[in-house]
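There are 4 protein chains.
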Amino acid sequence: MVSIGSSMMDNHVVDQKIMDAFANLAGSYGYKGTTTRKIAQQAGVNESTIFRHFSGKQGILKALIERYQDEINKAELSFHTTGNVEMDIRHAISIYQYFIEQHKSIFLIALRESSQFPELGQAIQRLLLIQKEMLLKLFRNLIEQGHLSAQNNLEMEISNLVLMNFSQAVLKLAYPNTSIVISDQDYLDKNIQNFVSNLKK
Amino acid sequence: MVSIGSSMMDNHVVDQKIMDAFANLAGSYGYKGTTTRKIAQQAGVNESTIFRHFSGKQGILKALIERYQDEINKAELSFHTTGNVEMDIRHAISIYQYFIEQHKSIFLIALRESSQFPELGQAIQRLLLIQKEMLLKLFRNLIEQGHLSAQNNLEMEISNLVLMNFSQAVLKLAYPNTSIVISDQDYLDKNIQNFVSNLKK
Amino acid sequence: MVSIGSSMMDNHVVDQKIMDAFANLAGSYGYKGTTTRKIAQQAGVNESTIFRHFSGKQGILKALIERYQDEINKAELSFHTTGNVEMDIRHAISIYQYFIEQHKSIFLIALRESSQFPELGQAIQRLLLIQKEMLLKLFRNLIEQGHLSAQNNLEMEISNLVLMNFSQAVLKLAYPNTSIVISDQDYLDKNIQNFVSNLKK
Amino acid sequence: MVSIGSSMMDNHVVDQKIMDAFANLAGSYGYKGTTTRKIAQQAGVNESTIFRHFSGKQGILKALIERYQDEINKAELSFHTTGNVEMDIRHAISIYQYFIEQHKSIFLIALRESSQFPELGQAIQRLLLIQKEMLLKLFRNLIEQGHLSAQNNLEMEISNLVLMNFSQAVLKLAYPNTSIVISDQDYLDKNIQNFVSNLKK
DNA sequence: GATGAATGAGCGTTCATTCAT
DNA sequence: TATGAATGAACGCTCATTCAT
Chain R
1 MVSIGSSMMD NHVVDQKIMD AFANLAGSYG YKGTTTRKIA QQAGVNESTI FRHFSGKQGI
61 LKALIERYQD EINKAELSFH TTGNVEMDIR HAISIYQYFI EQHKSIFLIA LRESSQFPEL
121 GQAIQRLLLI QKEMLLKLFR NLIEQGHLSA QNNLEMEISN LVLMNFSQAV LKLAYPNTSI
181 VISDQDYLDK NIQNFVSNLK K
Chain B
202 MVSIGSSMMD NHVVDQKIMD AFANLAGSYG YKGTTTRKIA QQAGVNESTI FRHFSGKQGI
262 LKALIERYQD EINKAELSFH TTGNVEMDIR HAISIYQYFI EQHKSIFLIA LRESSQFPEL
322 GQAIQRLLLI QKEMLLKLFR NLIEQGHLSA QNNLEMEISN LVLMNFSQAV LKLAYPNTSI
382 VISDQDYLDK NIQNFVSNLK K
Chain G
403 MVSIGSSMMD NHVVDQKIMD AFANLAGSYG YKGTTTRKIA QQAGVNESTI FRHFSGKQGI
463 LKALIERYQD EINKAELSFH TTGNVEMDIR HAISIYQYFI EQHKSIFLIA LRESSQFPEL
523 GQAIQRLLLI QKEMLLKLFR NLIEQGHLSA QNNLEMEISN LVLMNFSQAV LKLAYPNTSI
583 VISDQDYLDK NIQNFVSNLK K
Chain E
604 MVSIGSSMMD NHVVDQKIMD AFANLAGSYG YKGTTTRKIA QQAGVNESTI FRHFSGKQGI
664 LKALIERYQD EINKAELSFH TTGNVEMDIR HAISIYQYFI EQHKSIFLIA LRESSQFPEL
724 GQAIQRLLLI QKEMLLKLFR NLIEQGHLSA QNNLEMEISN LVLMNFSQAV LKLAYPNTSI
784 VISDQDYLDK NIQNFVSNLK K
């Protein structure tokens, strides 16, 4: 039986601590406002350790982006249809609500810093495209199986749904106390019914 | 006819040059990435002039926010209905598309820095609320005048429309080359027809 | 009868206002801590006016020093003996106590900035020397007139008296609440009697 | 035997170099005239090193004051009487002459900047009080042991002695070439004899 | 490999002074 | 002559990163 060397193990743990500290801080204070000193402090490591584990501040972000992309891919896989129209749509959307909630720091970073770091913009766009494709696939399934009638504007309706979800996420994270934003739960409850009934007309 | 004293005029001009330089730079590099040296260079003034005209870097942003809020108010007033349903909605939305296009820098700044500067978050929210109220008033007019039948979910439909417009704006400005975003023109063409036809059903 | 041109008059007034503002501020905040802006503000003049009336910040100090030296000279003249030993000494010393009290700002400036501005050191020293000479003359008078017997150590006793007066002034101005310093009145009352009785032994 | 870790040693050495550079410069140019760039240059360290070792420019002064106060305390302990009246007084005074000579920079700083930094005023006052108490104790000893007869005005005589010493120190440091100031040696020689003979009368 | 000391570039800001009207 | 706008040098300080042990 092989025992994994503890140092390699520790390395991973330290990497994660640094990345998480960075994500939390940058989510609150922005990339520039997140100093290596604060990261080290919050991660509980020496400041120079950051530079051996990553190539520098940018390196942490790069690693964070990669981890994010991996997790976007994983999220994609976790969806399966049931045939219940409302439940399936609800499920499809809440997967992304939950995903963004779980990754709110990096989502906020991506929103803010994408002009400096194009990969961040690409990650956001990928998140939207995957959501759109998933919904498209779902609706086509539902139509194929007769749960829904064919639509003229299906792609546009879905694009709009994705856009609305995006706004909902952005506004909730960026301005948590605003009046125009309602809870994700309410958002789902009120909209999906309406959306489906529109499609059914 | 009174000729305006040139010195007072110059003062305004320099203020504007500094504010515009700041807005452009901060739109690209963020608040922290926009140094007073860069601002001075881009505005073509001495760095210390900035500090005589504004109380500091924050002061420029404050002034920019105030100017933005004033212009939000002006935009609100510039709308009048005609009775042609599609044209009126189109007009109402394009006013905000145009407004954001004209103020893209400050809109981007607001999107990114609102956690550091709460006024920015408030400005964004106000822009959304005004848009929503304007559309509500418009639709109520159209219904009253018989151009449109009464709606169960009017407020929600309008909220969604505002959210979609917001996403459209955010994505267009933040990721201009993305595939999910279409031109404002196309967005209007395709959506309004659909939206109206939904309402008419 | 000649009427003095008001502009020349004003010039003098402005000069004085600037010098006084400078003296007050520098007495509190030191030379470097006294900015031309603060001076202008306190004097109620435009900042650039300072540079036309004086050659710059140093120029104000130079003028202040000259005024101070003139006033030291005037103070010297105002003393006359009466023959009453204690009263005369008391009078001689209180002239300087009063003088320093009246010029406390410039005295403090001189104390602090003399390494940067040698004239200030010279002014302080002159104040001490004049005081010493005045006391020497007084004592020689008193001895000559038989009010006091000849002394071995007259010059040293007087030097010491001057030094004590100087300490008293420095400590009173620099640390007004200190316990080692007593009021000028008490200082006079207690010391002179003692000093004279020592001389009389 | 334990060898002290060199890094801890180095740290102290750098601290001292910075503090000494600061003291020298501030003794000559005042607190404001002593820039962190000059300090770094004179101490032979990088400017930012100053900020890692101290919390800022004020921090250096604070540390200097603490070191000064510690050394005042040490000086206090180093005095013991012998019974020889003149020698003991001479010794008591020269301890302070020497102390001030050794700490002339911080003494000058204290004299000049005490209005901005109250601790400096307190340090000066403490130096005076300790000196006074030491002399009081000494004289009471001498009287008790019959070397000196009881005095009416002992406390005042001693206060005066302390004030004279203070002036002597201030003038010597601030205006080294002035005529009213004599060497510490001469000052001692001439005064103590006189002072003692006054007391003995 | 891990630490903590050092570094230099750059930051926002203030200042005394000059310029232009 | 008087004003207020402009200037450039310098300031205290922070930062990401490198060096030395």
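Chains as they are written, first to last, in the numbering used here: chain R, 1 to 201; chain B, 202 to 402; chain G, 403 to 603; chain E, 604 to 804. Each residue gets a CB set at the ideal place from its N, CA and C atoms; glycine is no exception.
message = When you compare the CB of I642 of chain E with every CB in chain G, is at least one pair closer than 7 Å?
response = No, its Cβ sits nowhere closer than 7 Å to a Cβ of chain G.
request  = Taking only the alpha-carbon atoms, compute the straight-line gap between I594 of chain G and S496 of chain G and give it to the nearest angstrom.
outcome  = It is roughly 11 Å from the alpha-carbon of I594 of chain G to the alpha-carbon of S496 of chain G.
Own chain residues within Cβ distance below 8 Å of E277 of chain B, not counting five before or after = I331, M335, listed in sequence order.
request  = Go to S55 of chain R, then tell me how far its alpha helix (DSSP H) extends in each direction, as first and last residue.
outcome  = Neither: S55 of chain R is in no alpha helix (DSSP H) and is coded neither H nor E.
key: Reduced DSSP category for S384 of chain B - H, G, I as helix; E, B as strand; rest coil   = When DSSP states are grouped into helix, strand and coil, S384 of chain B belongs to the coil group.
ask   = Taking Cβ positions only, does Y125 of chain R come closer than 7 Å to chain B?
value = In the sequence under discussion, the amino acid at residue 125 of chain R is Gln, which differs from the Tyr named in the question. Chain B contact via Cβ: present.
message = I need the DSSP call for T652 of chain E, collapsed to helix, strand or coil.
response = It is helical.
query = Taking Cβ-Cβ distances shorter than 7 Å, what residues in chain R pair up with N395 of chain B?
reply = Close partners of N395 of chain B in chain R (Cβ separation under 7 Å): N153, M156.
ask   = Is H578 of chain G helix, strand or coil by DSSP?
value = It should be noted that the sequence gives Pro, not His, for residue 578 of chain G. Coil.
message = Just to check my reading of the structure: M18 of chain R and F51 of chain R have Cβ atoms closer than 8 Å, yes? What is that Cβ distance to the nearest angstrom?
response = Rather than Met, the amino acid found at residue 18 of chain R in this sequence is Ile. Contact doesn't hold; Cβ gap of about 10 Å is too wide.
task = Could you work out which residue in B:N399, B:D387, B:A370 is closest to S350 of chain B when comparing CA atoms only?
result = Nearest C-alpha to S350 of chain B: B:N399.
ask   = So which residues on chain R does M365 of chain B lean against when the C-beta distance must stay under 8 Å?
value = Under the 8 Å cutoff, chain R gives N160, L163, M164, S167.
key: Spatially closest choice to Q386 of chain B from B:P319, B:N395, B:Q298, by CA coordinates   = Per the C-alpha coordinates, the member of B:P319, B:N395, B:Q298 positioned closest to Q386 of chain B is B:Q298.
key: Contact the segment 77-86 of chain R vs the segment 142-156 of chain R: 3+ CB pairs below 8 Å   = The segment 77-86 of chain R, when compared against the segment 142-156 of chain R, does touch it at the 8 Å Cβ threshold.
request  = Determine the chain G residues that contact T638 of chain E at a beta-carbon separation under 8 Å, and present them in chain order.
outcome  = By Cβ distance, chain G contributes nothing, its closest Cβ being about 11 Å from T638 of chain E, past 8 Å.
request  = Name, please, each residue of chain R whose Cβ falls closer than 7 Å to the Cβ of N399 of chain B.
outcome  = In chain order: N198.
inquiry  = If I measure Cβ to Cβ from V447 of chain G and keep anything under 7 Å in the same chain, skipping five residues before and after, which residues do I get?
reply    = Around V447 of chain G: V416, K419, I420.
inquiry  = Excluding the 5 residues flanking A224 of chain B on each side, which residues of the same chain have their C-beta closer than 8 Å to its C-beta?
reply    = These residues qualify, in order along the chain: L265, S306, I307, I310.
Short-range partners of chain G found in the segment 690-715 of chain E, where Cβ spacing is below 9 Å = For the segment 690-715 of chain E, residues whose beta-carbon sits nearer than 9 Å to a beta-carbon of chain G comprise L711, L714, R715.
key: Interface partners of V170 of chain R on chain B, CB under 7 Å   = Residues of chain B passing the Cβ test: V371.
7 Å Cβ cutoff, A425 of chain G in contact with chain E = It does not: the Cβ of A425 of chain G has no partner Cβ on chain E nearer than 7 Å.
ask   = At a Cβ cut of 8 Å, what residues of the segment 576-588 of chain G count as close to chain E, listed as they run along the chain?
value = The residues in question are A576, Y577, T580, S581, I582.
inquiry  = Comparing C-alpha positions only, which one of G:A442, G:Q524, G:A571 sits nearest to Y470 of chain G?
reply    = Across the set G:A442, G:Q524, G:A571, the C-alpha of G:Q524 shows the shortest separation from the C-alpha of Y470 of chain G.
inquiry  = Give me the residue from B:L337, B:E358, B:P377, B:N366 with the minimum Cα distance to Y187 of chain R.
reply    = Minimum Cα distance to Y187 of chain R is reached at B:E358.
inquiry  = For S697 of chain E, report the span of its alpha helix (DSSP H) as first-last.
reply    = Per DSSP, S697 of chain E is one residue of the alpha helix (DSSP H) stretching across 688-705.
ask   = Along chain R, in chain order, which residues have C-beta atoms closer than 7 Å to that of K391 of chain B?
value = Near K391 of chain B (Cβ distances below 7 Å), the residues of chain R are M156.
message = Please tell me whether K459 of chain G has its Cβ less than 7 Å away from any Cβ of chain E.
response = K459 of chain G does not count as touching chain E.
ask   = How would you list, in chain order, the residues of chain E whose beta-carbon sits under 7 Å from the beta-carbon of K434 of chain G?
value = Correct list: G633, K635, G636.
request  = Give the single residue among E:I703, E:S651, E:S762, E:E716 whose Cα lies nearest to the Cα of Q775 of chain E.
outcome  = The residue you asked about is not Gln; residue 775 of chain E is Lys in the sequence shown. Taking the Cα of K775 of chain E as reference, the smallest distance to any Cα among E:I703, E:S651, E:S762, E:E716 is reached at E:I703.
message = Give me the subset of the segment 127-138 of chain R whose CB atoms are less than 8 Å from a CB atom of chain B, sorted by chain position.
response = Against chain B - using a Cβ distance shorter than 8 Å - the residues of the segment 127-138 of chain R are L128, L129, K132.
query = CA-CA distance, Y634 of chain E and A777 of chain E?
reply = Their Cα atoms are separated by approximately 16 Å.
request  = Assign T638 of chain E to buried or exposed, taking buried as 16 or more other Cβ atoms, counted over all protein chains shown, within 10 Å of its Cβ.
outcome  = Of the residues assessed, T638 of chain E falls on the exposed side of the cut-off, its CB having fewer than 16 other CB atoms within 10 angstroms.
C-beta atoms of F769 of chain E and S561 of chain G nearer than 7 Å = For the 7 Å CB-CB criterion, F769 of chain E and S561 of chain G do not form a contact.
ask   = According to DSSP, is G407 of chain G helix, strand or coil?
value = Low local confidence applies: a pLDDT of 43 at G407 of chain G is under 50, so the model's placement there is unreliable, and no value is given.
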